[in-house]
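Accompanying notes for the structure given below.
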Amino acid sequence: MKRTVNKRASIFLTSLTCFFSILLLYHINLQLYQAKLENLVTMEEGLKAESLALLAISFQEAQTDKWREEKENTQELLEEESKRIDKLKENIRDLEKEKNNKEDQFEEAQLEKENKIEALNEELQELEMEFAYFSAIAYDRDIVDEEDNSSPIDTEEESDWLASHDDLVQSIEHERKEVQALEEQWKQEKLASEKDINQVKKDLKEARAKKAELKKMLSQLDKLDKEAVMYRFNLGEVELRQEEKAKHCRVILYKNDETYQFSY
Numbered sequence: 012m013k014r015t016v017n018k019r020a021s022i023f024l025t026s027l028t029c030f031f032s033i034l035l036l037y038h039i040n041l042q043l044y045q046a047k048l049e050n051l052v053t054m055e056e057g058l059k060a061e062s063l064a065l066l067a068i069s070f071q072e073a074q075t076d077k078w079r080e081e082k083e084n085t086q087e088l089l090e091e092e093s094k095r096i097d098k099l100k101e102n103i104r105d106l107e108k109e110k111n112n113k114e115d116q117f118e119e120a121q122l123e124k125e126n127k128i129e130a131l132n133e134e135l136q137e138l139e140m141e142f143a144y145f146s147a148i149a150y151d152r153d154i155v156d157e158e159d160n161s162s163p164i165d166t167e168e169e170s171d172w173l174a175s176h177d178d179l180v181q182s183i184e185h186e187r188k189e190v191q192a193l194e195e196q197w198k199q200e201k202l203a204s205e206k207d208i209n210q211v212k213k214d215l216k217e218a219r220a221k222k223a224e225l226k227k228m229l230s231q232l233d234k235l236d237k238e239a240v241m242y243r244f245n246l247g248e249v250e251l252r253q254e255e256k257a258k259h260c261r262v263i264l265y266k267n268d269e270t271y272q273f274s275y
């Protein structure tokens, strides 16, 4: 009877040991499966993160191509505007030089006319003094009756003097009119020259403002290449930064709020 009890107890213990062994193996297998599953999930999340990084890079490269094209166009416009500014400066110098030359010519012609008028006035004054001198001599030389109102100067001489006097007066008046005409002509030419110069200066001011605007645009485009760019997708967001020849991506997945770093 005692042997039977011991045998049964032994069988029970053996069975219990087997049960716990099987249970332990099951638990171990379950942990291994869970670990494997977690690894698969982790790998899947990592692949998702890297996919987002690569997608962001493709978008960024397309945008970079667009920026590069804009930079090239802006640079060309900037060079054209710089050449235009140089040309406008040259035009202003030429116009001012032409204006100064015209002013010198006017002053020279005006001085010539004024000298001629002065010479004619001196000649007229000498003629009048000469006439007065000879008139006095004639009165002293000839004795005339009180009733004789005739001039002591010969009629022919008087006619010649009057003709010379009239010619000089008319010449002086003519030269004065020419001086007035020169002044009016120079006034109109000066206004036209100043108008042309002011217009070119206005164009130069606008060209300089446009050049400054283009330089500002070019500077902004240069900054865009260096600044970090953020891309947001349904699965997460990517911060992309270009440093020298490497692209650095920081990916945050919305599902697990995990951060992943990639460099290419």
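Numbered according to the numbering used here, the sequence shown terminates at residue 275, and the numbering increases by one at each position without gaps. Where a beta carbon is used, it is the ideal one built from N, C-alpha and C, also for glycine. Remember, it's a predicted structure, so these values are computed and weren't measured experimentally.
- Considering only Asn84, Glu81, Asp177 and Arg219, the residue with the shortest C-alpha distance to leucine 138 is Asp177.
- Rounded to whole angstroms, the gap between the alpha carbons of leucine 179 and leucine 131 is 6 Å.
- DSSP, read as helix, strand or coil, puts glutamate 92 in helix.
- For the pair leucine 264 and lysine 258, the CB atoms are not nearer than the 8 Å cut-off.
- Between arginine 243 and alanine 218, the alpha-carbon positions lie close to 41 Å from each other.
- Secondary structure note for tyrosine 271: its beta strand (DSSP E) is the uninterrupted segment 270-274.
- Here threonine 85 is buried. Its C-beta has 16 or more other C-beta atoms within 10 Å.
- For glutamate 238, the three-state secondary structure derived from DSSP is coil.
- DSSP links glutamine 253 through a beta bridge to Lys258.
- Leucine 264 carries a strand assignment under DSSP once its states are collapsed to helix, strand and coil.
- Contact fails between the stretch 185-199 and the stretch 87-104, because fewer than three Cβ pairs, one in each stretch, are under 8 Å apart.
- Looking from the CA of glutamate 129, the closest CA among Glu184, Glu90 and Ser230 belongs to Glu184.
- Of all alpha-carbon atoms in Ala239, Asn112, Lys206 and Gln136, the one lying nearest the alpha-carbon of glutamine 74 is that of Ala239.
- Nearest in C-alpha terms to glutamate 80, of all of Leu232, Lys94 and Asp207, is Leu232.
- Residue nearest to tyrosine 275 within the set Asn267, Glu269 and Lys256 is Lys256 (criterion: CA-CA distance).
- A direct Cα-to-Cα measurement between lysine 127 and glutamate 141 gives close to 21 Å.
- Pairing lysine 124 with lysine 201, the inter-Cα distance amounts to about 20 Å.
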